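Visitor: Numbering (our numbering), first residue to last: 1 to 422. Don't be surprised by glycine CBs; every beta carbon is placed ideally from N, CA and C. Nothing here was measured: the structure is a model prediction, and the numbers come from that model. Attaching a single structure in structure tokens format; questions to follow.
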Ligand SMILES: *Cc1c(COP(=O)(O)O)cnc(C)c1O
């Protein structure tokens, strides 16, 4: 690799996904924007408007009859998304449903899959999980009359380290043994970008008889997933990060097929989870749909769903294999650029990439510790059009999104970084 514009352009020319960049709107609030926050809010596909307009005009034309007469009837609108989302998540169709929001879905799934009983009452999670996940976990534990202090067990990085060692997760699982009810971890840590071995965690947790769930907010559309094959019990993700499906957009749920037909499983139910062949008989007594759809509460928010469908069609066209291949190459190039700039300016400032250096242990995100620099460095980047994420005291999170970022973006980021240091 070379930290030159010529090299970056040559890589862009070879990029089989380069045509996708044009399918997105880049922010225009400043000139020459470098958008590296697809891990926080993905850019808007140009096609999104068309998908939403379709529903607005069907609503105008048909009113309530749109449930059956719309081009994509609203009654079954969510079904348009299922197989496309299942492909991205490495799941079978009946294991996936698009519905609600992420934290809502985590709660609904934990209601079913965190069932403390006898000795088996504990949840294992990552230290410093995303705040919403922490609150969800704590309140689930309290909901069962238990104290999070004793029943929420965290695995943290070792003293002086940034990443969680997977061996420490496995050891904790073994230690907890038959006290462990659930392992619930972010598939990719939002802060460090560390990707966990979900297959191995699932295996280890199942070996001691625990359930396993993952929050895939930072994994969906970023990591090549195989949820079915890995045997994960459940998962939830949002679609507005790498999946570009509108601010606060709809979320997805995965429930492994081994739980597809368990009407006895406790759950918080709503009419859209009811067996659709007899849903409108509106009879008392809940009869869940087979599979993940049995966890739906409400009829689909069609406008948000339309935004997600627009994006899923792009993912289908691009394919997760090609997205994953570009992700690894582009992130490695960005890493190279940052190290080069860091080396050249080491008497002023050095950067430490705390994200794993092994590309099998990360996705698109790099989290950078800026030694000897504070927020002023970040502000100097922002002034040059770099849209990144700053976390106190000195961490910059950046994520080149394979669908719309380019190698040239990575090169230009390096130039901005060098200027910011100086
Ligand atoms: C982005 C993110 C969330 C956001 O939850 P919402 O319910 O969509 O607001 C939750 N958890 C993690 C790990 C996230 O990265």
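For residue 395, which of 383, 402, 407 and 376 has the nearest alpha-carbon?
Guide: Looking at the Cα atoms, 376 is the closest of the given residues.
Visitor: Mark residue 58 as exposed unless 16 or more other C-beta atoms lie within 10 angstroms of its C-beta, in which case mark it buried.
Guide: Residue 58 should be labelled buried.
Visitor: Who are residue 67's beta bridge partners in DSSP?
Guide: Per DSSP, none; premise fails for residue 67.
Visitor: Any idea what DSSP makes of residue 267, helix, strand or coil?
Guide: Coil, per DSSP.
Visitor: Following a CB-centred definition, is residue 133 positioned closer than 7 Å to any heavy atom of ligand 1?
Guide: Yes; taking the cut-off as 7 Å, the Cβ of residue 133 has a heavy atom of ligand 1 nearer than that.
Visitor: Under 7 Å: does the beta carbon of residue 389 sit that close to some heavy atom of ligand 1?
Guide: No, ligand 1 has no heavy atom inside 7 Å of this Cβ.
Visitor: In terms of DSSP beta bridges, what is residue 109 paired with?
Guide: Looking at the DSSP assignment, residue 109 forms no beta bridge with any residue, so it has no partner.
Visitor: Quick one: measure Cβ to Cβ for residue 33 and residue 26, integer angstroms, because I've assumed they're closer than 8 Å.
Guide: Correct: roughly 6 Å between the Cβ atoms.
Visitor: In chain order, which beta strand (DSSP E) runs of at least 3 residues are fully inside the region 336-406?
Guide: Qualifying beta strand (DSSP E) stretches, in chain order: 350-353, 366-371, 389-391 and 395-398.
Visitor: Any heavy atom of ligand 1 closer than 7 Å to the CB of residue 423?
Guide: Any answer about residue 423 is impossible in this case: the structure gives the chain only from 1 up to 422.
Visitor: Compute the Euclidean distance between the alpha carbons of residue 392 and residue 374, then round it to the nearest angstrom.
Guide: Cα to Cα, the separation comes out at about 8 Å.
Visitor: Would you call residue 106 buried or exposed, if buried means 16 or more other Cβ atoms sit within 10 Å of its Cβ?
Guide: Residue 106 is buried by the Cβ-count criterion.
Visitor: In or out: residue 55 buried (at least 16 other Cβ within 10 Å) or exposed?
Guide: Buried, because 16 or more other Cβ atoms sit within 10 Å of the Cβ of residue 55.
Visitor: Please determine whether the Cβ atom of residue 186 lies at a distance below 7 Å from any heavy atom of ligand 1.
Guide: At least one heavy atom of ligand 1 is nearer than 7 Å to the Cβ of residue 186, so yes.
Visitor: Kindly indicate which residue of 325, 224 and 210 has the alpha-carbon position closest to the one of residue 216.
Guide: Minimum Cα distance to residue 216 is reached at 224.
Visitor: For ligand 1, any of its heavy atoms closer than 7 Å to the Cβ of residue 361?
Guide: Answer for residue 361: no, Cβ out of range of ligand 1.
Visitor: Within 8 Å, do at least three Cβ pairs link the region 265-279 to the region 239-256?
Guide: Too few Cβ pairs lie closer than 8 Å, so no.
Visitor: For a quick check, are the C-beta atoms of residue 404 and residue 9 less than 8 Å apart?
Guide: It is not a contact, given that the beta carbons lie outside the stated cut-off.
Visitor: Residue 401 and residue 51 look like a contact to me (Cβ under 8 Å); what is the Cβ gap, rounded to whole Å?
Guide: Between residue 51 and residue 401 the Cβ distance is about 20 Å, and since that is not below 8 Å, they are no contact.
Visitor: Please tell me whether, using a cut-off of 7 Å, the distance from the CB of residue 128 to the nearest non-hydrogen atom of ligand 1 is below it.
Guide: Not under cutoff, so the answer is no.
Visitor: So is the beta-carbon of residue 30 under 7 Å away from any non-hydrogen atom of ligand 1?
Guide: Result no, Cβ not under 7 Å from ligand 1.
Visitor: Could you spell out where the alpha helix (DSSP H) holding residue 317 opens and where it closes?
Guide: It spans 302-318 - the alpha helix (DSSP H) in which residue 317 sits, taken as one unbroken run.
Visitor: Ligand 1 heavy atoms versus the CB of residue 241: any closer than 7 Å?
Guide: Yes; taking the cut-off as 7 Å, the Cβ of residue 241 has a heavy atom of ligand 1 nearer than that.
Visitor: From 23, 206, 37 and 415, pick the residue whose C-alpha is nearest to that of residue 218; which is it?
Guide: Checked all of 23, 206, 37 and 415; the closest Cα to residue 218 is 37.
Visitor: Mind checking residue 135: buried by the 16 CB within 10 Å criterion, or exposed?
Guide: Residue 135 is exposed by the Cβ-count criterion.
Visitor: Where does residue 131 land, buried or exposed, given buried means 16+ other C-beta within 10 angstroms?
Guide: By the 10 Å Cβ count, residue 131 comes out exposed.
Visitor: Give the C-beta separation of residue 337 and residue 248 to the nearest angstrom, bearing in mind that I take them to be a contact with Cβ-Cβ under 8 Å.
Guide: At roughly 33 Å, the Cβ-Cβ gap does not stay under 8 Å, so residue 337 and residue 248 are not in contact.
Visitor: Check whether the region 89-103 touches the region 221-237, taking contact to mean three or more Cβ pairs, one atom from each stretch, closer than 8 Å.
Guide: A contact exists between the region 89-103 and the region 221-237.
Visitor: May I ask whether a heavy atom of ligand 1 can be found less than 7 Å away from the beta carbon of residue 238?
Guide: Yes, the beta carbon of residue 238 sits closer than 7 Å to at least one heavy atom of ligand 1.
Visitor: Over the uninterrupted beta strand (DSSP E) stretch that includes residue 22, give me the two end residues.
Guide: No beta strand (DSSP E) holds residue 22; DSSP gives it neither H nor E.
Visitor: Can you check the region 156-213 for any beta strand (DSSP E) of at least 3 residues that lies completely inside it and give the ranges in chain order?
Guide: With a minimum length of 3 residues, the continuous beta strand (DSSP E) runs that stay inside the region 156-213 are 180-186.
Visitor: If you measure from the CB of residue 58, is any heavy atom of ligand 1 nearer than 7 Å?
Guide: Not so, every heavy atom of ligand 1 lies at least 7 Å from the Cβ.
Visitor: In three-state DSSP terms, what is residue 133?
Guide: Helix.
Visitor: Using the Cβ count rule (16 or more neighbours within 10 Å means buried), how would you classify residue 144?
Guide: Under this definition residue 144 is an exposed residue.
Visitor: May I ask whether a heavy atom of ligand 1 can be found less than 7 Å away from the beta carbon of residue 218?
Guide: Because some heavy atom of ligand 1 lies under 7 Å away, the Cβ of residue 218 counts as near it: yes.
Visitor: So which of 284, 156, 205 and 296 has the shortest CA-CA distance to residue 82?
Guide: That would be 296, whose Cα lies nearest to the Cα of residue 82.
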